[in-house]
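Just so you know, our numbering puts the end of the sequence shown at 142, numbered straight through with nothing missing. Even for Gly, the Cβ is constructed at its ideal location relative to N, Cα and C. Computed from a predicted model, the values in this text were never measured in an experiment. In what follows, a structure is listed as structure tokens, so that the remarks can point back to it.
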Amino acid sequence: MADAQHTMVDGEDMTADEFRTNVLEEIRSVRADIEAVGGDAGTVAIAQEGHELEELKSLSDIYIAAVARQCALLEEEAERISQETEQLRKKAAQIQERNAQLCAQTEVYFQFIEAASPATAAAIRAAAEARDHARQS
């Protein structure tokens, strides 16, 4: 997943795979140059290539720092989402509790209505069943 992320490295937008490929190509090039040169000239070439490798290390450090920043931002976002999710869970629990209270109150009111007027209670029950049937359709 991290390979798909793009990061600016030395002013160039690239993925981790592209960066890795560039570094490996540079290392192969340095090795080929070292193998091609011998004696004192080889020592000079090695010193020059060592400097280039230091530059590559610096670039890799920049890339690693950029990826670390992205990870930190993602961790912060995940924490924020986690906190929001917990708040929503608490709110849902409050709503469920209030819904249960209202259902209990409705049942008590309905018992009063049923005791006072069985015909009215039957009409209310039929209307509620029709409403529930319409919601399911």
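query, result
"Leaving out the 5 sequence neighbours to the left and right, which residues in its chain are closer than 8 Å to Ile118 when beta-carbon positions are compared?", "Thr125, Ala126 and Ile129"
"Taking just the CA atoms, how far does Ile86 sit from Glu80?", "10 Å"
"Looking only at C-alpha atoms, which of Arg33, Ser122 and Val28 sits nearest to Glu60?", "Val28"
"Under a three-way DSSP split, which group does Ser87 fall into?", "helix"
"Between the C-alpha atoms of Glu23 and Ile100, what's the straight-line distance to the nearest angstrom?", "51 Å"
"Pick helix, strand or coil for Ser122, following the three-state DSSP scheme.", "coil"
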